[in-house]
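Residue numbers (full-length UniProt numbering): 1 to 141. The C-beta atom is built at its ideal place from N, Cα and C for all residues, glycine as well. Here the structure is a predicted model, which means the values were calculated and not measured. For reference, the structure discussed in these notes is given below.
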């Protein structure tokens, strides 16, 4: 637990939240600045700043909770769909340095965009560049 982390303070009960789920490893609550009704944050209880910091067993538990919570959130607000995403690092828009997944309910005609809209202009990559990137990713596993 990081004493200066708002999410750690929420897990500890020092800051109130609209809690929707809790188990030994995962905690979920409604976002206080929601992008849609039911916007839910799902976090590991232990402090990890980015996805690469999360131990594999905790990551499995986090995804399992997301798997169960996403349809529950959609059903609770009668959403047509949802975006489920992580902002992983400050350059990606992560505002709280504690790993958290967003479940954002979506509604037909809500004016929102797909996830491809968040990254700005798309790069023009050659097949050779794509091959090199794919090889680098595969080699890093």
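Determine the extent of the beta strand (DSSP E) in which residue i is found, giving its start and end residues.
{"i": "residue 105", "result": "101-106"}
{"i": "residue 43", "result": "40-44"}
{"i": "residue 82", "result": "81-86"}
{"i": "residue 30", "result": "26-30"}
DSSP three-state label for residue i, please.
{"i": "residue 60", "result": "helix"}
{"i": "residue 19", "result": "strand"}
{"i": "residue 122", "result": "coil"}
{"i": "residue 73", "result": "helix"}
{"i": "residue 53", "result": "helix"}
{"i": "residue 95", "result": "coil"}
{"i": "residue 48", "result": "coil"}
Hey, could you find the ends of the alpha helix (DSSP H) residue i is sitting in?
{"i": "residue 130", "result": "127-140"}
{"i": "residue 11", "result": "6-12"}
For residue i, which residues from the same chain have a beta carbon less than 6 Å from its beta carbon, with the 5 sequence-adjacent residues on both sides left out?
{"i": "residue 18", "result": "29 and 30"}
Are the beta-carbon atoms of residue i and residue j separated by less than 8 Å?
{"i": "residue 132", "j": "residue 105", "result": "no"}
{"i": "residue 62", "j": "residue 54", "result": "yes"}
{"i": "residue 32", "j": "residue 44", "result": "no"}
{"i": "residue 103", "j": "residue 84", "result": "yes"}
{"i": "residue 108", "j": "residue 80", "result": "yes"}
{"i": "residue 142", "j": "residue 1", "result": "One cannot answer for residue 142 here, as it falls past the ends of the chain, which runs 1 to 141."}
Report all residues from its chain with a CB closer than 8 Å to the CB of residue i; omit the five preceding and five following residues, and keep chain order.
{"i": "residue 51", "result": "59, 86, 88 and 99"}
Decide if residue i is buried, meaning its Cβ has at least 16 other Cβ atoms within 10 Å, or exposed.
{"i": "residue 64", "result": "exposed"}
{"i": "residue 41", "result": "buried"}
{"i": "residue 69", "result": "buried"}
{"i": "residue 10", "result": "buried"}
Determine, using beta carbons only, whether residue i comes closer than 8 Å to chain D.
{"i": "residue 51", "result": "Going by chain labels, chain D is absent from the structure shown, which holds only one protein chain."}
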